[in-house]
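2 protein chains.
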Amino acid sequence: MTEQKPRDPDALHRHLHDIQDLLSRQHLVENLIHRQRMPHQKLVESITHKQNLARLRRKLDRLHPADIACILEALPLADRLFVWDRVRAEKDGDILLEVSDAVRATLIETMDSDEIKAAVESLDTDELADLAPDLPPDVMRDVIASLDQEEQAQVRAAMAYPEDTVGALMDFDMVTVREDVTLEVVLRYLRRFEALPDHTDALFVVDRDDRLRGVLTLEALLINDLEKKVSQVMKSKSVVTFAPDDDAGGAAKAFERYDLVSVPVVDATRRVLGRITIDDMVDQIREESEAEIFSQAGLREEEDIFAPVIRSVKNRWAWLAINLMTAFVASRVIDLFQGSIEQLVALAALMPIVAGIGGNAGNQTVTMIVRAIAMGQVEPTALWRLLRKELGVALINGVVWGGAIGAVAWWLYRNLELGLVMTAAMILNLLLAATAGVVIPLLRQRFGRDPALGGSVMITALTDSGGFFIFLGLATVFLL
Amino acid sequence: MTEQKPRDPDALHRHLHDIQDLLSRQHLVENLIHRQRMPHQKLVESITHKQNLARLRRKLDRLHPADIACILEALPLADRLFVWDRVRAEKDGDILLEVSDAVRATLIETMDSDEIKAAVESLDTDELADLAPDLPPDVMRDVIASLDQEEQAQVRAAMAYPEDTVGALMDFDMVTVREDVTLEVVLRYLRRFEALPDHTDALFVVDRDDRLRGVLTLEALLINDLEKKVSQVMKSKSVVTFAPDDDAGGAAKAFERYDLVSVPVVDATRRVLGRITIDDMVDQIREESEAEIFSQAGLREEEDIFAPVIRSVKNRWAWLAINLMTAFVASRVIDLFQGSIEQLVALAALMPIVAGIGGNAGNQTVTMIVRAIAMGQVEPTALWRLLRKELGVALINGVVWGGAIGAVAWWLYRNLELGLVMTAAMILNLLLAATAGVVIPLLRQRFGRDPALGGSVMITALTDSGGFFIFLGLATVFLL
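Quick note, the sequences are listed as chains A and V, same order. Using my numbering, the first residue of the first sequence is number 563, and each one after it goes up by one. Using my numbering, the first residue of the second sequence is number 563, and each one after it goes up by one.
So this is what it looks like as structure tokens:
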């Protein structure tokens, strides 16, 4: 993807510090000059300024695009664009590929169409397809027009596949060989290449209709006698292949389970369309886990931490709205029992405990079940066994913690019945939480929905309203 | 790692179903026989029984160890051990490597020392070191004793490095060459190998003291003329290397940024100790994200979903205890305002809304900050800028949602002042949440702690107690 060689990983933080240092000096100069009311003209001419810029440029030239991307992510908008303008044009494309969508938008906004064209020229067709959605349509049209027939077809193909499918992630350059030639011939053929496609750990063996016959690993190519035919040493049985519309997440799991590096993508007739490589799968795995962590916290997407306030508000409002609804329902439940609370105000102080612990226990259960489903470890048939187990856990927790807090309530308010009601309410709410924690994700799975989605919101809603209702209800029945 | 070829990824679920099907037939037979009071002896002799077992064995023989591992994870204890007994012994080692710690324990419990020895015989020294902590000490001693000097040294070395360091993950077999030989010679040398180490994308070029001079990528080996010397085509500048005590997580990030496949591990004198390969890094990335998701939900470690109830209770109690404490504190805060609640019981119904929304907003903030820190995007110096931004977001959310819910409260209770207090309390609690969400992780980072740890617990504790105090406090001052 990039010509430049990676450098020692720990260096990244040093680089960031150096650049922030240069930038702050830059700001210093500007401030000084500003105070002295020196026209900007002069600033640009000032020596320190020139020195800083020169240093910054040299630094950036030495950096790997992936590292520059990280650094851009870490800089507030003004500094980010200042640095971005000083990056060598030929790196722009790779950097745009590496940065997060949020940051990419801020960078592209500042580029005119010619700069964008220059930036994406160097990219492979599959990389171009990745960027396409974020580029101005007219620019994209010109870029595509500038490609040759085959490349145009590739870009269109890649863009045609929905996100999160193998097709959208596959790249098109690969080395194919025929099975009837000797390894000797293959080696001579390879020596004609300037370079091999990234992550080439195997050559694809195809017939004259480009149908996959097997794969020739570089290992097999290197350890076998040169006289042997490809067909003798190629792997043709149980070769992992993907279809372009396979789910990217599933593909990533296969790479993980089978320790793969590159896998051919074939159509229904086993014609080879392209290649999936481990680097894309690693990004896939990272993105999936990020997405999960963000959605758990109710963030729609990864945020540019220096994004303007308003964008962050947009990113977060939906979840807050939902929680406002559920909190409102809970509040209505409490309102039902105004009378009881008036008579025994201790209830108001104790009820959040019942609701809170229920929510936590429920989230433990749902998290565990969702993980197990994601790992393909849970069949809907397991419902009863899992339910029995979780109810057991809930019962023990209820007796232990409910008993403890019940005793405390008894001691605090010198009221045994109150303590008993507290304990009973905790047990019941924990049982409710466990049931919901098992049933909600398994039902969603059975109906073909994403088991993870909104699970914890629903649980919390249930355990809040449920907890208040159970506790205040029991209190009303037995205490008043 | 394994001789067997991987198969089509989607197959995994089919396999699981088939095996569960076989097992259920098995149970059926057993039940029938049981009802007819037929002695177990007869069961074992019964034909259906034998057929099922034969089918099960055939199925397992065809499966990749990683797939068998997934299937074992998915089976309840009894079935799991039933299947485990029927797996071919030579696969045992690889399967033990693949399963989660929880499941591994259940499998090893059932094996006698000879079975364990047979299982781990086939493993590489680094894999052996991975399993060592879970094996009975006496068995481990015998196994190590059975190794040759060099292997013993390797196992000891690998076990000496703390978990989550590069040293603990590195493997020891690799191909090294000298720089003064021609590619021709290298090719001839490689043809003497039975197989190359997994994920060999480059040979390590070393001097006669085993010090790393550079790496010869298979690509360079394949595309260059045979007359060329290794020194002419090897990569010697800015080669990524790790030290054995580097953090495994950092190494994984480097693999991700630079799209690496295998990296040499060198000591202070650049002597090559071993190799880190992408497959271990993929597992590392997966484990990190799992651990984060589990700790967010307050689960100590990944759970075997079919583990006995008591083990799950142990895994979850700590978090529940902490939350009980914080909930108790919040409850005490409410108790302070008994008088106010008695006078205006609507407060009891409204207070959970203030606390709840604060908690959600705070968790959004802390999640975002923690991610940014983990990506190396936040310097403690950014504190003020981030704080200003988050306070802005909180202010807008407070005015919008606080205003909305305040209006609702006004309408519900026909009490304008109550509505205004509600709005004010929401705004203040959201500001509190934002501050805590930024300050807590950044402080933990500055003091060299893990910024993620317990962040959301602390936030929730703050926003609950704080929310109750703010709301009830304002109400007491302005409404009563």
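Note that the Cβ used here is the ideal one computed from N, Cα and C, for glycine as well. Owing to the predicted nature of the structure, the values given are computational and were not obtained by experimental measurement.
- Message: When you compare the CB positions of serine 1027 of chain A and valine 895 of chain A, do they come within less than 7 Å of one another, or not?
- Response: Counting from one through the first sequence, the residue named residue 1027 of chain A turns up at place 465. Counting from one through the first sequence, the residue named residue 895 of chain A turns up at place 333. Against a cut-off of 7 Å, the Cβ pair of valine 895 of chain A and serine 1027 of chain A comes out as a contact.
- Anything in chain V within Cβ reach of glycine 1010 of chain A, meaning under 7 Å, just list it in chain order. Stepping through the first sequence from its first residue, residue 1010 of chain A is reached at position 448. Near glycine 1010 of chain A there are no residues of chain V at all, since even the closest Cβ is about 14 Å away, more than 7 Å.
- Helix, strand or coil for phenylalanine 1033 of chain A per DSSP? Locating residue 1033 of chain A in the first sequence gives position 471, counting from the first residue. In the structure shown, phenylalanine 1033 of chain A sits in a helix (DSSP, three-state: H, G or I).
- Task: Tell me whether glycine 938 of chain V sits in a helix, a strand or coil according to DSSP, three-state version.
- Result: Stepping through the second sequence from its first residue, residue 938 of chain V is reached at position 376. DSSP places glycine 938 of chain V in coil when its eight states are reduced to three.
- Indicate whether the contact test is met: 3 or more Cβ pairs, each with one atom in the stretch 877 to 888 of chain V and one in the stretch 956 to 969 of chain A, closer than 8 Å. Per the Cβ contact rule, the stretch 877 to 888 of chain V is in contact with the stretch 956 to 969 of chain A (3 or more Cβ pairs under 8 Å).
- Short check: CB of phenylalanine 734 of chain A to CB of glycine 836 of chain A, under 7 Å? To locate residue 734 of chain A, count along the first sequence from 1; it is residue 172. To locate residue 836 of chain A, count along the first sequence from 1; it is residue 274. Going by C-beta atoms, phenylalanine 734 of chain A is nearer than 7 Å to glycine 836 of chain A.
- Item | For isoleucine 1002 of chain A, the first and last residue of its enclosing alpha helix (DSSP H) | Translated into positions along the first sequence, residue 1002 of chain A becomes position 440. Under the DSSP assignment, isoleucine 1002 of chain A falls in the alpha helix (DSSP H) whose first and last residues are 978 to 1008.
- Task: Mind checking which residues open and close the beta strand (DSSP E) that includes threonine 779 of chain A?
- Result: As a first step, residue 779 of chain A is located in the first sequence; it is residue number 217 there, counting from the start. Element bounds for threonine 779 of chain A: 774 to 779.
- List the endpoints of the continuous alpha helix (DSSP H) containing phenylalanine 856 of chain A. Indexing the first sequence from 1 puts residue 856 of chain A at position 294. Phenylalanine 856 of chain A -> alpha helix (DSSP H) spans 840 to 858.
- Task: Out of V:Leu693, V:Phe755 and V:Leu783, point me to the one whose CA is closest to alanine 757 of chain A's CA.
- Result: As a position in the first sequence, residue 757 of chain A is number 195, starting the count at 1. That would be V:Leu783, whose Cα lies nearest to the Cα of alanine 757 of chain A.
- Helix, strand or coil: which one does DSSP assign to phenylalanine 890 of chain V? Along the second sequence, read from residue 1 onward, the residue named residue 890 of chain V stands at position 328. Here phenylalanine 890 of chain V sits in helix by DSSP.
- Query: So who's on the other strand from valine 739 of chain A, going by DSSP bridges?
  - Reply: In the first sequence, counting from the first residue as 1, residue 739 of chain A sits at position 177. A:Val767.
- Is the beta carbon of proline 724 of chain V sitting closer than 7 Å to the one on phenylalanine 868 of chain V? For this step, residue 724 of chain V is matched to residue 162 along the second sequence. For this step, residue 868 of chain V is matched to residue 306 along the second sequence. Not closer than 7 Å, so no.
- Item | Which listed residue (A:Asp821, A:Glu741, A:Val827 and A:Arg1008) has its alpha carbon closest to that of lysine 791 of chain A | As a position in the first sequence, residue 791 of chain A is number 229, starting the count at 1. Taking each of A:Asp821, A:Glu741, A:Val827 and A:Arg1008 in turn and checking the Cα distance to lysine 791 of chain A, the smallest one comes out for A:Glu741.
- Query: Any contact of the stretch 906 to 913 of chain V with the stretch 829 to 843 of chain A, i.e. 3+ C-beta pairs under 8 Å?
  - Reply: The stretch 906 to 913 of chain V makes no contact with the stretch 829 to 843 of chain A; the number of CB pairs closer than 8 Å stays below 3.
- Query: Can a CB atom of chain A be found closer than 7 Å to the CB of tryptophan 963 of chain V?
  - Reply: For the purposes of this step, residue 963 of chain V is taken as the residue at position 401 of the second sequence. So, interface residue.
- I think isoleucine 678 of chain V touches isoleucine 670 of chain V, with their Cβ atoms under 8 Å apart; what is that distance to the nearest whole Å? Translated into the one-based positions of the second sequence, residue 678 of chain V becomes position 116. Translated into the one-based positions of the second sequence, residue 670 of chain V becomes position 108. Isoleucine 670 of chain V and isoleucine 678 of chain V do touch by the CB rule: their CB atoms are close to 7 Å apart, below 8 Å.
- Message: Across the stretch 711 to 721 of chain V and the stretch 679 to 692 of chain V, are there enough close Cβ pairs to call them in contact, namely three or more that are closer than 8 Å?
- Response: Contact holds: three or more Cβ-Cβ distances are below 8 Å.
- Message: One question on the structure: do threonine 1025 of chain V and glycine 938 of chain V come within less than 7 Å of each other, judged by their Cβ atoms?
- Response: Position 463 of the second sequence, counted from the start, is the residue given in the question as residue 1025 of chain V. Position 376 of the second sequence, counted from the start, is the residue given in the question as residue 938 of chain V. Between threonine 1025 of chain V and glycine 938 of chain V, the gap from beta carbon to beta carbon reaches 7 Å or more.
- For the beta strand (DSSP E) containing serine 824 of chain V, list its first residue and its last residue. In the second sequence, residue 824 of chain V corresponds to position 262, counting from 1. Serine 824 of chain V: member of the beta strand (DSSP E) spanning 824 to 828, first to last residue.
- Task: Answer yes or no: does any C-beta atom of chain V fall closer than 7 Å to that of glycine 1035 of chain A?
- Result: Counting from 1 along the first sequence, the entry for residue 1035 of chain A is found at position 473. No, glycine 1035 of chain A lies away from the interface with chain V (no Cβ there is under 7 Å from its Cβ).
- Message: On a Cα-Cα basis, can you pick out the residue from V:Ser1018, V:Gly1029 and V:Trp879 that is closest to methionine 930 of chain V?
- Response: To locate residue 930 of chain V, count along the second sequence from 1; it is residue 368. Measuring from the Cα of methionine 930 of chain V, the nearest candidate turns out to be V:Ser1018.
- Through-space distance from leucine 749 of chain V to asparagine 786 of chain A, alpha-carbon basis: Translated into positions along the first sequence, residue 786 of chain A becomes position 224. Translated into positions along the second sequence, residue 749 of chain V becomes position 187. As the crow flies, the alpha-carbon of asparagine 786 of chain A is around 10 Å from that of leucine 749 of chain V.
- Message: In this structure, how does DSSP classify arginine 837 of chain V when only helix, strand and coil are distinguished?
- Response: The residue you call residue 837 of chain V lines up with position 275 of the second sequence. Arginine 837 of chain V: strand per DSSP, three-state reduction.
- Kindly list, in the order they appear in chain A, the residues whose Cβ is closer than 7 Å to that of methionine 930 of chain V. Taking the second sequence and counting its residues from 1, one reaches residue 930 of chain V at position 368. Within chain A, the residues near methionine 930 of chain V are Leu861, Glu865 and Ile867.
- Message: Please confirm whether leucine 752 of chain V has its beta-carbon closer than 7 Å to some beta-carbon of chain A.
- Response: Taking the first residue of the second sequence as position 1, residue 752 of chain V is located at position 190. Output row for leucine 752 of chain V: interface = yes.
- Is it right to say lysine 799 of chain V is buried, meaning 16 or more other beta carbons lie within 10 angstroms of its own, or is it exposed? If you number the second sequence from 1, residue 799 of chain V lands on position 237. Exposed: under 16 other Cβ atoms inside 10 Å.
- Message: Helix, strand or coil for arginine 569 of chain V? Go by DSSP, reduced to three states.
- Response: The sequence position of residue 569 of chain V within the second sequence is 7, counting from 1. Confidence at arginine 569 of chain V is low in this model, with a pLDDT of 42, below 50, so the placement of that residue is unreliable and no value is reported for it.
- Short CB-CB distance (under 7 Å) between phenylalanine 766 of chain A and chain V: Along the first sequence, one-based indexing puts residue 766 of chain A at 204. Chain V, which has no Cβ nearer than 7 Å to the Cβ of phenylalanine 766 of chain A, makes this no.
- Straight-line gap, isoleucine 1032 of chain A to valine 961 of chain A (C-alpha atoms, nearest Å): If you number the first sequence from 1, residue 1032 of chain A lands on position 470. If you number the first sequence from 1, residue 961 of chain A lands on position 399. Put simply, the backbone Cα of isoleucine 1032 of chain A is about 16 Å away from that of valine 961 of chain A.
- Cutoff 7 Å; reference alanine 664 of chain A; Cβ partners in own chain excluding five residues on either side: Here residue 664 of chain A corresponds to residue number 102 of the first sequence, with the count starting at 1. Taking alanine 664 of chain A as the centre and dropping the five residues before and after it, the same chain places the C-beta of Glu864, Glu865, Asp866 and Ala869 closer than 7 Å to its C-beta, in chain order.
- Query: With a Cβ-Cβ cutoff of 7 Å, do alanine 1014 of chain V and glutamate 952 of chain V count as a contact?
  - Reply: Sequence index remark: in the second sequence, residue 1014 of chain V carries index 452 (1-based). Sequence index remark: in the second sequence, residue 952 of chain V carries index 390 (1-based). The Cβ-Cβ distance between alanine 1014 of chain V and glutamate 952 of chain V does not fall below 7 Å.
- Kindly indicate which three-state DSSP category lysine 790 of chain A falls into: helix, strand or coil? Taking the first sequence and counting its residues from 1, the one referred to as residue 790 of chain A is at position 228. Lysine 790 of chain A falls in the coil class under three-state DSSP.
- Task: Might you give, ordered along the chain, the residues of its own chain that have their beta carbon closer than 6 Å to the beta carbon of threonine 803 of chain A, omitting 5 neighbours on each side?
- Result: Position 241 of the first sequence, counted from the first residue, corresponds to residue 803 of chain A. Contacts found: Pro826 and Val828.
- Three-state secondary structure (DSSP) of methionine 563 of chain V: Within the second sequence, the letter at position 1 stands for residue 563 of chain V. With a pLDDT of 32 at methionine 563 of chain V, under the threshold of 50, the modelled position of this residue cannot be trusted, and the question is left open.
- Does the Cβ of arginine 754 of chain V have 16 or more other Cβ atoms within 10 Å, making it buried, or fewer, making it exposed? Your numbering for residue 754 of chain V matches position 192 in the second sequence. Result: exposed.
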